[in-house]
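Sequences listed follow chains A and H, in order. Numbering-wise, the numbering used here comes out as the position in the first sequence, counting from 1, plus 21. Numbering-wise, the numbering used here comes out as the position in the second sequence, counting from 1, plus 62. Glycine included, C-beta positions come from ideal geometry on N, C-alpha and C. Data block below; observations after.
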Amino acid sequence: MKLAETELNREIVSEGEWLVARNDLLTREKEFTRQRDALSAARRSLPMVKIDKDYVFEGPDGKETLADLFDGRSQLIVYHFMFGPDWDEGCKSCSYLADHFDGANWHLPHRDVTFVAISRAPLPKLEAYKKRLGWRFKWLSSQGNDFNFDYHVSFTKEEEQKNKVYYNYATGEFISDELPGLSVFYKDENGDVFHTYSAYARGLDHLVGTYNFLDLVPKGRDENPDSTMDWVRRHDEYLA
Amino acid sequence: MKMKTPPVVSLQEWEDARQQLLVKEKELTRARDALAAERRRMPWLAVEKKYQFDGPHGKASLLDLFEGRRQLIVYRAFFDPGVHGWPEHGCVGCSLMADQVAHVAHLNVRDTTLVYASRAPQADIERLKARMGWKMPWFTMLDDFDKDFGVDEWHGTNAFFRDGDRVFRTYFLNNRGDEALGSTWSYLDMSALGRQEEWEDSPAGYPQTPPYEWWIWHDEPPNTTDQDRPGLVQLRAARASSKVGDAT
Numbered sequence: 022m023k024l025a026e027t028e029l030n031r032e033i034v035s036e037g038e039w040l041v042a043r044n045d046l047l048t049r050e051k052e053f054t055r056q057r058d059a060l061s062a063a064r065r066s067l068p069m070v071k072i073d074k075d076y077v078f079e080g081p082d083g084k085e086t087l088a089d090l091f092d093g094r095s096q097l098i099v100y101h102f103m104f105g106p107d108w109d110e111g112c113k114s115c116s117y118l119a120d121h122f123d124g125a126n127w128h129l130p131h132r133d134v135t136f137v138a139i140s141r142a143p144l145p146k147l148e149a150y151k152k153r154l155g156w157r158f159k160w161l162s163s164q165g166n167d168f169n170f171d172y173h174v175s176f177t178k179e180e181e182q183k184n185k186v187y188y189n190y191a192t193g194e195f196i197s198d199e200l201p202g203l204s205v206f207y208k209d210e211n212g213d214v215f216h217t218y219s220a221y222a223r224g225l226d227h228l229v230g231t232y233n234f235l236d237l238v239p240k241g242r243d244e245n246p247d248s249t250m251d252w253v254r255r256h257d258e259y260l261a
Numbered sequence: 063m064k065m066k067t068p069p070v071v072s073l074q075e076w077e078d079a080r081q082q083l084l085v086k087e088k089e090l091t092r093a094r095d096a097l098a099a100e101r102r103r104m105p106w107l108a109v110e111k112k113y114q115f116d117g118p119h120g121k122a123s124l125l126d127l128f129e130g131r132r133q134l135i136v137y138r139a140f141f142d143p144g145v146h147g148w149p150e151h152g153c154v155g156c157s158l159m160a161d162q163v164a165h166v167a168h169l170n171v172r173d174t175t176l177v178y179a180s181r182a183p184q185a186d187i188e189r190l191k192a193r194m195g196w197k198m199p200w201f202t203m204l205d206d207f208d209k210d211f212g213v214d215e216w217h218g219t220n221a222f223f224r225d226g227d228r229v230f231r232t233y234f235l236n237n238r239g240d241e242a243l244g245s246t247w248s249y250l251d252m253s254a255l256g257r258q259e260e261w262e263d264s265p266a267g268y269p270q271t272p273p274y275e276w277w278i279w280h281d282e283p284p285n286t287t288d289q290d291r292p293g294l295v296q297l298r299a300a301r302a303s304s305k306v307g308d309a310t
C-alpha cells in the first residue's frame with residue numbers, strides 16, 4: 022500500500038523543537054515501561070494450578086512427558102504453534118512469530134527457562150517444516166493427547182458444529198480448529214508440575230520483535246484493521 | 063530461604079484470577095498502541111549533513127543504507143576497538159540485542175530496512191556475523207554519525223524516513239526503550255520467576271541477581287563461572303572507567 026503524498030506533509034522542525042517533542046513523548050514512554058513492570062509483577066503473583074494429567078509428547082528425543090520437557094530447569098514455556106494434523110504447512114502467522122524464537126532461546130536457558138513449541142501435527146511434518154524454515158527450537162507433537170484442547174488452542178468438530186468455543190478466556194464463535202497461544206509451567210523441587218500462565222491473541226503481540234520495530238517508524242505497522250496479519254508470509258515466500 | 067510460590071488453586075479460581083489480569087493486560091496493549099500512534103505524529107528533523115559508512119559493498123551514504131525503501135532503522139551496536147570483548151566479541155548487551163533480530167524479510171516487506179552500525183572495520187564485522195550467525199546488514203561508521211545521533215557513548219536506535227533524496231530523523235530510542243525490541247525480556251516477563259533481577263517486585267524469596275550481570279554471549283562455553291560471565295566482566299570494566307550511568 023502506498024502512503025498518500027498528503028500524509029507525507031509532516032511538520033519539519035528545528036533540532037531544538039524536535040527534542041522538545043521527543044522528550045514529551047519520552048515521559049509517557051517511561052510511564053508505560055513502569056506500567057509494564059507492574060503488570061509483570063502482577064503476573065508473578067498469579068496463583069498456580071497443579072497438573073495431574075500425564076501428557077506424553079512425541080519429539081526429536083522420542084516420547085517425553087510434560088515433566089520431562091523442563092530438561093532440568095524449573096520453568097517451561099510452550100508456544101502453541103498452529104499446525105493441525107491434516108495441514109500441509111504450519112500457520113503463516115505462527116511462522117512469523119517463530120522467526121523470533123531462536124534468538125530469545127539462546128538466552129532463556131540462562132534464566133532457568135526451557136522453551137519448546139507444541140502442535141497437533143505428526144512429528145515428521147513438524148520436522149520437515151522446521152528444516153524448511155531453518156529453525157532450531159525443539160518442536161513436539163501432541164497428536165493423540167488432550168494437551169491442545171485442555172489449553173484452549175485446538176477445537177473439536179463438536180465445538181465447530183455448535184459454533185461456540187472458549188478462547189482467550191471468553192466464549193465466542195468458532196474461528197479455526199487451531200488458534201495461537203503460549204503457556205507457562207513451573208516444576209517444584211518435588212517434581213510436581215503447575216500451570217502458571219497462558220496468553221492468546223494479542224497477548225502474544227509483544228513477542229514479535231518485528232512489530233516492536235515497526236512501532237518506531239513513521240508508517241507504523243500499516244495494517245488492515247480487519248485482517249492485521251494479511252501482509253505476513255513465510256519468510257521464504259516473500260517476493261523479493 | 064525457601065521460595066514462597068503463589069497459592070495453588072483450583073482451575074476455576076485460577077481462571078478468575080487470570081481474567082482479572084487479562085483486563086490489565088489489555089489496557090497495557092491499548093496503551094502501547096496509543097504510544098505508537100503518538101510516535102507516528104512526531105515532527106521530523108531534516109538531516110542535512112552527509113554521512114559516510116563502510117559496508118560489505120564499499121562506501122555508502124546514509125541514503126544508500128535505505129536500500130531503496132522509505133524507512134530506515136539504525137541500531138548502534140558497540141563493536142568497537144577498546145570495547146570489552148574486542149576483537150572476538152561485541153558488547154554483551156548489544157550481542158543480546160543482535161541475537162533477537164529476526165529474519166529481516168518481514169521488516170523489508172513493510173518498506174523498512176534495519177541495519178546495525180559500529181566503529182569496527184568491515185573485516186571484523188564480517189567475521190563476527192559469520193561466527194554468531196547474524197544476518198542483518200552491518201555498517202562501519204566513519205564520521206560523526208554516532209555523536210550527532212546520540213549514540214557515541216551508549217547503545218540506541220534511530221529511525222529515519224526518506225522522501226526522494228531527502229532524509230529525516232523521525233525517532234530515537236535508548237536505555238530501557240531498546241528492551242521492547244528484544245523478546246527475551248518479554249518471555250521472561252511471562253515466566254513464573256520473571257527476569258529474576260533485583261529491582262523486580264516479586265514474591266519473597268524468589269531468585270534474583272543484579273541486572274545485566276547474567277547476560278552472556280550465546281557461543282560461550284556452558285560451564286562459564288559466575289565470576290567470568292561476560293555481562294559481569296563488562297559491567298566491572300565500565301564501572302572502572304566510570305562511563306556507566308543508571309541505565310534502568
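Can you give the Cα-Cα distance for alanine 182/H and alanine 139/H, rounded to whole angstroms? A direct Cα-Cα distance of roughly 10 Å separates alanine 182/H from alanine 139/H.
Check the Cβ-Cβ distances between glutamine 162/H and every residue of chain A, and say whether any is below 8 Å. Cβ-Cβ to chain A under 8 Å: yes for glutamine 162/H.
Assigned exposure category for threonine 48/A - 16 Cβ within 10 Å defines buried: Burial call: exposed.
Between the CA atoms of cysteine 112/A and glutamine 182/A - distance to the nearest angstrom: Approximately 22 Å between the Cα atoms of the pair.
Quick check: what's the CA-CA separation for tryptophan 160/A versus histidine 128/A? Across the structure, tryptophan 160/A and histidine 128/A are spaced so that their CA atoms are roughly 18 Å apart.
Output, in sequence order along the chain, the residues in the region 126 to 160 of chain A whose CB is closer than 8 Å to any CB in chain H. Those residues of the region 126 to 160 of chain A that come within reach of chain H (Cβ to Cβ, closer than 8 Å) are Trp127, His128, Leu129, His131, Arg132, Asp133, Val134, Phe136.
Could you give the residue range of the beta strand (DSSP E) that holds asparagine 236/H? Here the beta strand (DSSP E) through asparagine 236/H covers 228 to 236.
Please decide whether histidine 227/A counts as near chain H, where near means a Cβ-Cβ distance under 8 Å. Yes, because at least one Cβ of chain H sits closer than 8 Å to the Cβ of histidine 227/A.
Would you tell me roughly how many angstroms separate the C-alpha atoms of threonine 177/A and tyrosine 187/A, rounded to the nearest one? Those two C-alpha atoms are separated by around 11 Å.
For aspartate 107/A, list the residues DSSP reports as bridge partners. Paired residues: none, contrary to the question.
By DSSP, does valine 253/A sit in helix, in strand, or in coil? For valine 253/A, the secondary structure class from DSSP, reduced to helix, strand or coil, is coil.
Hey, quick one: how far does the alpha helix (DSSP H) through glutamine 182/A stretch, first residue to last? Secondary structure note for glutamine 182/A: its alpha helix (DSSP H) is the uninterrupted segment 178 to 183.
Could you tell me whether the Cβ of glutamate 323/A comes closer than 8 Å to any Cβ of chain H? An answer regarding residue 323/A cannot be provided, because it is not within the stretch 22 to 261 covered by chain A.
Where lysine 84/A falls: helix, strand or coil (DSSP): In this structure, lysine 84/A counts as strand in the three-state DSSP scheme.
Check each residue of the region 47 to 75 of chain A: if its Cβ is closer than 9 Å to any Cβ of chain H, include it; give the result in chain order. For chain H, the residues of the region 47 to 75 of chain A that bring a beta carbon within less than 9 Å of one of its beta carbons are Leu47, Arg49, Glu50, Lys51, Glu52, Phe53, Thr54, Gln56, Arg57, Asp58, Ala59, Leu60, Ser61, Ala62, Ala63, Arg64, Arg65, Ser66, Leu67, Pro68, Met69, Val70, Lys71, in chain order.
When DSSP labels each residue in this structure, what does aspartate 58/A get in the three-state scheme? Aspartate 58/A falls in the helix class under three-state DSSP.
Suppose contacts are defined by Cβ-Cβ distances below 8 Å. Is valine 295/H in contact with glycine 230/A by that definition? Inclusion of valine 295/H and glycine 230/A in the CB contact set at 8 Å is not warranted, their separation being larger than that value.
Does chain H have any CB closer than 8 Å to the CB of valine 238/A? Closer than 8 Å: yes.
Cutoff 7 Å; reference aspartate 251/A; Cβ partners in own chain excluding five residues on either side: Sequence-distant Cβ neighbours of aspartate 251/A in its own chain, meaning closer than 7 Å and more than five residues away, are Asn245.
So, helix, strand or coil for tryptophan 200/H, using DSSP? Three-state DSSP puts tryptophan 200/H in a strand.
Three-way DSSP call (helix, strand, coil) for isoleucine 187/H in this model: Isoleucine 187/H carries a helical assignment under DSSP once its states are collapsed to helix, strand and coil.
Euclidean distance between Cα positions of valine 306/H and phenylalanine 141/H: Confidence at valine 306/H is low in this model, with a pLDDT of 45, below 50, so its placement is unreliable and no value can be given for it.
Please decide whether threonine 217/A counts as near chain H, where near means a Cβ-Cβ distance under 8 Å. It does; some Cβ of chain H falls within 8 Å.
Closest by CA to aspartate 120/A, which one among Ala138/A, His131/A, Ala59/A? The candidate whose alpha carbon is nearest that of aspartate 120/A is Ala138/A.
Distance, Cα to Cα, leucine 84/H vs valine 99/A? Rounded to whole angstroms, leucine 84/H to valine 99/A spans 19 Å at the Cα level.
What separation, rounded to the nearest whole angstrom, lies between the Cα atoms of histidine 256/A and leucine 154/A? Going from the Cα of histidine 256/A to the Cα of leucine 154/A covers about 8 Å.
Other residues of its chain near tyrosine 232/A: CB distance less than 8 Å, five sequence neighbours each side excluded: These residues qualify, in order along the chain: Asp226, Arg242.
Return the Cβ separation of tryptophan 200/H and valine 177/H in integer angstroms, given the expectation that the two are a contact with Cβ distance under 8 Å. The Cβ separation is near 7 Å, so the contact holds.
Segments of 3+ residues assigned as beta strand (DSSP E) that fall wholly inside the region 234 to 259 of chain H: Counting only runs of 3 or more, we get nothing.
From the DSSP output, read off the bridge partner residues of tyrosine 221/A. According to DSSP, tyrosine 221/A bridges with Gly202/A.
Cross-chain neighbours of threonine 231/A in chain H, by beta carbon under 7 Å: Contact note: threonine 231/A reaches chain H through Ala164, His168, Leu169, using a C-beta cutoff of 7 Å and chain order.
Cβ-based neighbour list, arginine 291/H, same chain, cut-off 8 Å, excluding 5 preceding and 5 following: Same-chain partners within the cutoff: Glu275, Trp276, Trp277, Ile278.
Check whether the Cβ atoms of aspartate 281/H and arginine 193/H lie closer than 8 Å to each other. Contact: yes.
Which residues in the same chain as glutamate 85/A place their Cβ atom closer than 6 Å to its Cβ, once the five residues preceding and following it in sequence are excluded? Here the set comprises Phe78.
My output table needs one value for valine 41/A: the three-state DSSP class, helix, strand or coil. Valine 41/A: helix per DSSP, three-state reduction.
Residue from Glu180/A, Trp156/A, Asp92/A, Val41/A whose Cα sits closest to the Cα of phenylalanine 206/A: Comparing Cα positions, the closest option is Asp92/A.
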